[in-house]
Amino acid sequence: MKPAPLLLEDPHGEISVSCFLASYPHKNIVKTLGVYQDEVHTYLVNEYIHGVELYEAITLRKEPLSEIQARHCMHSLISAISHLHTHNIAHRDISMENIMLDGEGNIVLIDFGQAVSIHSDTGAKLKYRGKAGKPYYRAPEMYGNRDYFPAPCDIFALGVVLFILIFGVPPWQAAEAADSRWEFVKTHGLSGLLRSWGKLDSTSPESVAFIEALLLSDPRKRPKTSDILSHAWLQGPRQAWRSN
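Structural data, given as structure tokens:
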């Protein structure tokens with residue numbers, strides 16, 4: 004798996020979100036220590052995380068995680084995303100490169116350069132248009148110049164992350180019509196893809212069903228974070244792991 008390409012980000016938006024989260028911290032979200040300015044530049048200072056990107060950790064490991072290890076990562080990630088959504092923030096760039104694994108096996112979400120508000124000041128749900136995040140993780144509604152709600156896009160990206168954790172590779176290059184593997188999954192389901200890879204029998208039906216729910220092509224049918232946190236698969240045993 005190759006690292007996803009970088010996109011231009013909004014530094015002012017990242018500073019705004021980071022400052023807000025400094026007042027509402029979460030153990031699985033990077034902590035902002037301060038914002039400083041001089042005559043020319045603004046500096047955002049975050050905590051130093053002694054660890055590696057999850058992408059690097061999986062690459063160095065050279066094999067996927069067990070389900071109980073992947074469940075540990077996902078429980079922490081979903082807790083972090085639930086915290087963001089509760090505070091009206093959608094990340095929009097969840098990826099293996101934006102998740103840190105520290106020396107104690109803890110998961111920390113970083114990089115809010117593409118984060119946006121979920122609701123307006125009046126409470127109306129906000130729509131956005133245009134691609135955000137990295138191709139592997141983008142929800143299908145981000146393609147085709149359509150309006151979309153950002154929170155379900157985070158759920159889709161979580162599904163891609165979990166797929167990579169368990170199987171070691173992304174399920175597709177991009178969730179759009181031009182991608183034959185995405186079209187195959189839309190027709191035959193995730194179980195069809197895993198069967199074609201010879202991996203279905205070695206994967207629990209519960210984990211396949213859980214990933215399928217996160218990766219539904221219709222954003223209206225994807226579960227919310229509150230539903231995910233109570234999902235049966237996530238209640239199973241968890242085991243932290245450390246990068247070598």
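Start counting the sequence shown at 4; every next residue gets the next number (the working numbering).
Every residue, glycine too, gets a C-beta built ideally from N, C-alpha and C.
By a beta-carbon distance limit of 8 Å, Leu112 contacts Asn101. Their separation comes to about 7 Å. Pro208 has its alpha-carbon roughly 30 Å from the corresponding atom of Asp105. Contact annotation: the stretch 185-194 does not touch the stretch 226-242, with fewer than three C-beta pairs closer than 8 Å. Of the other Cβ atoms in all chains shown, 16 or more fall within 10 Å of the Cβ of His94; this residue is therefore buried.
Straight-line spacing of the CA atoms in Leu237 and Arg198 works out to 23 Å. Look at the beta carbons and you see the stretch 12-28 not touching the stretch 53-68: under three pairs across the two are nearer than 8 Å.
By the neighbour-count definition (other C-beta atoms within 10 Å, threshold 16), Thr125 is an exposed residue. The residues Glu179, in chain order, have a CB closer than 6 Å to that of Tyr146 in the same chain once the five nearest residues on each side in sequence are set aside. By the Cβ criterion, the stretch 67-83 is in contact with the stretch 158-173, since at least three pairs of Cβ atoms, one from each stretch, lie closer than 8 Å.
Secondary-structure assignment with DSSP links Arg132 through a beta bridge to Asp150. Secondary structure note for Gly192: its alpha helix (DSSP H) is the uninterrupted segment 183-200. For the 8 Å CB-CB criterion, Ser194 and Val211 form a contact. With fewer than 16 neighbouring CB atoms inside 10 Å of its own CB, Asn148 falls in the exposed class. One Cα belongs to Ile231, the other to Pro138, and the distance between them is close to 23 Å. Look at Val43 here: in three-state DSSP terms it is coil, with no helix or strand label.
Rounded to the nearest angstrom, the gap between the Cα atoms of Arg74 and Arg184 is 25 Å.
Linking Gln40 to Val33 through their CA atoms gives a straight-line distance of about 21 Å. Shown here, His88 sits in a helix according to DSSP, grouped into three states. Under the DSSP assignment, Glu56 falls in the beta strand (DSSP E) whose first and last residues are 54-56.
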